[in-house]
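Okay, structure first, notes after.
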Amino acid sequence: MQQLQLTKKILLISAMLLSYPAFSADTIGDIVEQTGIGNIIREGNKIPSSNLPSINLYDEAQTGNGRMLIEFLDAEELALTEHTLVFIDEVYYDPDPNLSKMTMRMAMGTARFASGKLGKMNKANIAISTPTANIAINGTDFTSTVDELGRSLIILLPDANGDASGSITVWNESGTEVILEEAYSATMVSTMESSPTAPVVINNITPNLINNMFIVSPPADVQQVIDESATKSDDGGILDVDFLEFDGLDADALKDSEGDLEFTELDIDLLDVDFLQDLLDIVEELDRKVGISKTGGGGTNTYGIEGTAIGFDKDTQYNTIVDTGSGLVTFYRKVNGTISIKLPIDAMARINTQTDEKESIIEMGGDAAINIFIRQTN
Amino acid sequence: MPSGETKKMKMTNKLNLSLGLLLTMLVMPVLADDDNEIFLQQSGDTLTLTIDQVGYGNKFGGTIANGSIATDMILTGTSVTFNLDQIGNSNQLFGPAIFDSATVNMVFTGDSNIFDWNIGDTGDADNTNINIAVTGDGNEWDYDQGYAASANYLDFDLTLIGDSNEFFIDIDSDQAKWEMEITGDSNNIDTKQLDASDHDLKVVHTGDSINMDIIQQSGSCGNKTCPGKIDLQLSSDNATVTINQKDTSD
C-alpha cells in the first residue's frame, strides 16, 4: 500500500514537472535592463517593466519616460528608448533554426534591434515592420525611428570594427526595395504606398553617439558621473542628449535625393488649380510642348512624358504621378470635373485636353498608339 | 376573400409555375424546332425572378413577329430581384423595366447576342443595383437607365470579356456609380451620363483597338456646381478614347 502511494506521488510530481514547460512555453525573452517608466502590455493588462517580467508572445513593449532592453532566447536584443512602442507578434524557436521565426512591429519611437548570435534562428526568418515599411535583415544591427505619422527612418549600424553589421532590405507596398549595406546608411519611408528613399549615409553620427542613444542602463561608474552632472546643464553629459531630438534627423538625409522623391496622390493640392487662366498666356503658349525628364539617384530615368511636369503642372493643371511600383502613370486633373487617367509607364499615348480656356497636349512614349481626347467645357 | 398578400403570393406562384413550364421547354432545345421564347408581362412588388435560358436563338421579350422580338417585355414593381443567366449565341433580350430598389444580376455567355433594355421607361427607377457580366464576341447592347423618368442612386457594374462588342449605354441618373471592366479587342463602347449631378464613372480596359466615347453631362446644375468624375485606366496598344465632360449638350 505504501509502495502504491509512493508510486502515485512520483507520478504526480513527474506530471507537474512535465507540465511546467507548457506553462512557460510562451516565454521568449526577458527584460535585462530598464530605467524609468515602461510597461509590458499583456492581454490588456499593464505589467511595469520595473518588475522585469519575462517577455511572452504577443506582448507589447511600451516605454514612457524610460527605456528598456529586451533579450530574446537567441540573444537578439531589442532596445527601446523613451516613448516607444513595439508589438511582438510572433516568435517561435524550433530545434531547426530554419523553422524558427520572429515577427515584430515597431509602432512608435526609436528602437534598436540586433540579431541573435546563438544560431537558434535563421536571420532570413526575422521580419520586422514599421507602419510604413517592412524590413528583412541579414546578420544585422539597426535602428528604426517612427514618428506619430508612421514615417520611418531606418539606419544600418556598424559592427565592432566599424563595418556594416550586415545588410537590411526595406520595402513596402510601393514595390520598391532598398538595400542598406553601408554602416550608417539610412532610408526614409513616408507612407506604405510611397517608395523608400534611396540609401544615404549619415555622416554626422559617431558610433559613440549611436551607442549612447541606446544605452539603457549605463555602468555604475558612468551612472555616478551622470548623477553628479545632473544638476549641471549643457555639459555634454549623456542626460543632455535628447533622444527624441535624434541628430540623425537634423541632417537632411534626403537633401541629395530630393529629385527621387515621389509625387504621390497625397501630394495633390486640389486648391492649387487655376480656375481662371490668363487668356493672353494661353494664346502665347498654345503650341507649348515641353520635354520633361526625371533625374534619379542612379542616373537619368526618362519616362518620356512631354507636355506636362511630373507633379503638379500649373499650365496643364494636371497632377502627374509616376508609380514605379504599380508600373502606372496617373494623370489627374480636377478643375471643373475630375479626370483621372492611368496608363502603363511604357504606354505610347497622347492626351489632348481642351477646356474653355486653353488646349494642352501631353505625350508619352513616342508615337501615340493610345489617343485620348478630353473636352471639358461649361 | 384572400388578402392582398395572399393574392400576391398566388400571383408569384403562378408566375413561377409558368416560368417553370417555359424553362422545362427551354432546357430541351433538341425537342423543339423553334427558338425558345419567354414573353413576360409582370407587375408587382417584391418579385424574385430567376431564369436560366440555355440554347441558341432564345428570345426574351413581350411579343414576337417575323422571328424577332416586336415588343418589349414589361417588368414593373419595387424591391424586385431579377437573376438571369443566358447561355448561348444569337439570343435576344428586349424590355422596359420600371422598378425602385431593384437588384439585377445578369450573366450572358455567348456570341452575337442582342440586348436592348430600358430601365425607367415610364416611371421611377431609383436605387437600382445592376450587375452584368458578359462573355462573348460580337454582342450588341443598348442599355438606357432613367430612360424617361427619375432614376437616382444607380449602382451599375459591367464586366465584359470578349472582342468586337458594341455597347451603347446611356445613364440619366443622379449620383450614379457606374463602373465597367473590359477585357478584349476591337470593342466599341459609347456611354453617356446625362443631365444629373455627381456622375462617377470608372473604366478599366485591357485590350487593343478599343474605341470609346464618354460623355458626362451635368446639365443645368453646371460643371462647377456638380462636377463629374471620370477614372480611366487603359492598357492597350491601340486605343481611341474621347471624353466630353460638359454642362449641356452641344
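Chains A and B, in that order, give the protein sequences.
Residue numbers for the first sequence follow my numbering, beginning at 16 and rising by one.
Residue numbers for the second sequence follow my numbering, beginning at -1 and rising by one.
We put the CB at the ideal spot given by N, CA and C, even for glycine.
What residue from B:N56, B:S66, B:G75, B:D135 has the CA that sits closest to Q39 of chain B's CA?
What you label residue 39 of chain B is simply residue 41 of the second sequence in a count that begins at 1. Checking every option, the nearest Cα to that of Q39 of chain B belongs to B:G75.
Closer than 6 Å by C-beta to F166 of chain B: which residues in its own chain qualify, once you throw out the five before and the five after it? Chain order, please.
Within the second sequence, residue 166 of chain B is the residue found at index 168, counting from 1. Closer than 6 Å at Cβ, skipping near neighbours: D140, D188.
Can you tell me where the beta strand (DSSP E) with T101 of chain B in it begins and where it stops?
The count along the second sequence starts at 1 and reaches residue 101 of chain B at position 103. Here the beta strand (DSSP E) through T101 of chain B covers 101 to 107.
Beta-carbon within less than 6 Å of I103 of chain A's beta-carbon, same chain only, minus the 5 sequence neighbours each way: which residues are those? Numbered from its first residue, the first sequence carries residue 103 of chain A at position 88. Here the set comprises D74, M119.
Item checked: Cβ-Cβ distance between A122 of chain A and V161 of chain A below 8 Å -> Translated into positions along the first sequence, residue 122 of chain A becomes position 107. Translated into positions along the first sequence, residue 161 of chain A becomes position 146. Taking 8 Å as the Cβ cut-off, A122 of chain A and V161 of chain A qualify as a contacting pair.
What did DSSP end up calling A142 of chain A once you bin it into helix, strand or coil? Counting from 1 along the first sequence, the entry for residue 142 of chain A is found at position 127. It is a strand residue.
Check whether the segment 107 to 118 of chain A and the segment 148 to 163 of chain A are in contact - that is, three or more C-beta pairs closer than 8 Å. no
- Item | DSSP three-state assignment for D282 of chain A, whether helix, strand or coil | In the first sequence, the residue the question calls residue 282 of chain A occupies position 267. Helix.
Just tell me which of B:D206, B:Q214, B:N150 has its CA closest to the CA of K200 of chain B. As a first step, residue 200 of chain B must be located in the second sequence, where it is residue number 202. Among B:D206, B:Q214, B:N150, the Cα nearest to that of K200 of chain B is on B:Q214.
Residue-chain proximity (Q391 of chain A, chain B), Cβ-Cβ < 8 Å
Your numbering for residue 391 of chain A matches position 376 in the first sequence. Answer yes: the Cβ-Cβ gap between Q391 of chain A and chain B drops below 8 Å somewhere.
| Taking Cβ positions only, does G226 of chain B come closer than 8 Å to chain A? | Taking the first residue of the second sequence as position 1, residue 226 of chain B is located at position 228. So yes, G226 of chain B belongs to the interface.
Q. Secondary structure at S65 of chain A, three-state DSSP: helix, strand or coil?
A. Walking along the first sequence from the start, residue 65 of chain A turns up at place 50. Three-state result, S65 of chain A: helix.
Please report the straight-line C-alpha distance between E196 of chain A and G342 of chain A, rounded to a whole angstrom. Here residue 196 of chain A refers to the residue found at position 181 when the first sequence is read from its first residue. Here residue 342 of chain A refers to the residue found at position 327 when the first sequence is read from its first residue. Each residue's Cα considered, the two are about 26 Å apart.
Local Cβ density within 10 Å of P94 of chain B, reported as buried at 16 or more and exposed below that:
Here residue 94 of chain B corresponds to residue number 96 of the second sequence, with the count starting at 1. The residue in question, P94 of chain B, is buried, as its Cβ has 16 or more Cβ neighbours within 10 Å.
Check whether chain A comes within 8 Å of N163 of chain B, counting only Cβ atoms and requiring the distance to be less than that. Walking along the second sequence from the start, residue 163 of chain B turns up at place 165. Judged by the 8 Å Cβ criterion, N163 of chain B is not in contact with chain A.
Reference D45 of chain A; option with closest CA among A:H98, A:K349, A:A76, A:G181: Numbered from its first residue, the first sequence carries residue 45 of chain A at position 30. Among A:H98, A:K349, A:A76, A:G181, the Cα nearest to that of D45 of chain A belongs to A:A76.
Applying a beta-carbon distance threshold of less than 9 Å, which residues of chain A neighbour L232 of chain B?
Taking the second sequence and counting its residues from 1, the one referred to as residue 232 of chain B is at position 234. Result: I356, K357, L358, P359, A362, A364, I385, I387.
Quiz item: Distance, Cα to Cα, V298 of chain A vs N236 of chain B?
Solution: Against the first sequence, residue 298 of chain A aligns to sequence position 283. Against the second sequence, residue 236 of chain B aligns to sequence position 238. In this prediction, V298 of chain A has a pLDDT of 44, which is less than 50 and means its spatial position is unreliable; nothing more can be read from the coordinates.
D170 of chain B, buried or exposed, once every other Cβ within 10 Å from all chains shown has been counted against 16 = For the purposes of this step, residue 170 of chain B is taken as residue 172 along the second sequence, with counting starting at 1. Looking at its Cβ environment, which holds 16 or more other Cβ atoms inside 10 Å, D170 of chain B is buried.
State yes or no: is the C-beta of G160 of chain B within less than 8 Å of the C-beta of T133 of chain B? Along the second sequence, one-based indexing puts residue 160 of chain B at 162. Along the second sequence, one-based indexing puts residue 133 of chain B at 135. Going by C-beta atoms, G160 of chain B is nearer than 8 Å to T133 of chain B.
| task | Could you please tell me which residues of the segment 336 to 352 of chain A, in chain order, have their CB closer than 7 Å to any CB of chain B? | result | N351, G352
- Query: Cβ of L73 of chain B within 8 Å of Cβ of F97 of chain B?
  - Reply: For the purposes of this step, residue 73 of chain B is taken as the residue at position 75 of the second sequence. For the purposes of this step, residue 97 of chain B is taken as the residue at position 99 of the second sequence. In contact: L73 of chain B and F97 of chain B (Cβ atoms closer than 8 Å).
**Q.** Burial state of A362 of chain A, where buried means 16 or more other Cβ atoms lie within 10 Å
**A.** Start at 1 with the first residue of the first sequence, and residue 362 of chain A comes out as number 347. Its Cβ being crowded by 16 or more others within 10 Å, A362 of chain A is buried.
*asked:* Please give the ranges of any beta strand (DSSP E) in the segment 156 to 208 of chain B, keeping only runs that are unbroken, at least 3 residues long and fully inside the region.
replied: Segments of the beta strand (DSSP E) lying fully in the segment 156 to 208 of chain B: 164 to 169, 175 to 181, 186 to 191, 198 to 204.
Proximity of F80 of chain B and V52 of chain B at Cβ, strictly below 8 Å: Locating residue 80 of chain B in the second sequence gives position 82, where the first residue counts as 1. Locating residue 52 of chain B in the second sequence gives position 54, where the first residue counts as 1. Result no, Cβ atoms of F80 of chain B and V52 of chain B do not sit closer than 8 Å.
| request: Answer with buried or exposed for L133 of chain A, where buried requires no fewer than 16 other C-beta atoms within 10 angstroms of its C-beta. | output: Position 118 of the first sequence, counting from 1, holds the residue named residue 133 of chain A. Taking every protein chain shown into account, the CB of L133 of chain A has fewer than 16 other CB atoms within 10 angstroms, so this residue is exposed.
What residues in its chain sit with their C-beta under 6 Å from that of L84 of chain A, if we drop five residues either side in the sequence?
Residue mapping note: residue 84 of chain A aligns to position 69 of the first sequence, counting from 1. Only V47, E48, A94, V231 meet the Cβ criterion.
Inter-residue CB distance, G65 of chain B and N89 of chain B (contact presumed, cutoff 8 Å) | Numbered from its first residue, the second sequence carries residue 65 of chain B at position 67. Numbered from its first residue, the second sequence carries residue 89 of chain B at position 91. Going by Cβ atoms, the distance from G65 of chain B to N89 of chain B rounds to 13 Å, so no, they are not a contact pair.
Residue ranges of each beta strand (DSSP E) within the segment 165 to 230 of chain A, 3 or longer
167 to 171, 182 to 186, 192 to 195, 200 to 204
Proximity test, Cβ basis, 8 Å: K244 of chain B and chain A | As a position in the second sequence, residue 244 of chain B is number 246, starting the count at 1. Answer yes: the Cβ-Cβ gap between K244 of chain B and chain A drops below 8 Å somewhere.
Checklist line | Where P359 of chain A falls: helix, strand or coil (DSSP) | finding: Residue mapping note: residue 359 of chain A aligns to position 344 of the first sequence, counting from 1. Note: P359 of chain A maps to strand in three-state DSSP.
- prompt: DSSP state of P112 of chain A, grouped into three classes?
  reply: The sequence position of residue 112 of chain A within the first sequence is 97, counting from 1. Residue state, collapsed to three classes: helix.
Practice item. Compare the C-beta of I269 of chain B with all C-beta atoms of chain A and state if any pair is closer than 8 Å. Key: No answer is possible for residue 269 of chain B: the residues shown for chain B start at -1 and end at 248.
Kindly indicate the opening and closing residues of the beta strand (DSSP E) around D162 of chain A.
Translated into positions along the first sequence, residue 162 of chain A becomes position 147. Note, D162 of chain A: premise wrong, no beta strand (DSSP E); not H, not E.
Practice prompt. Answer yes or no: do K61 of chain A and N71 of chain A have a C-beta to C-beta separation smaller than 8 Å?
Written response: Working through the first sequence from its first residue, we reach residue 61 of chain A at position 46. Working through the first sequence from its first residue, we reach residue 71 of chain A at position 56. The answer is no: Cβ separation not under 8 Å.
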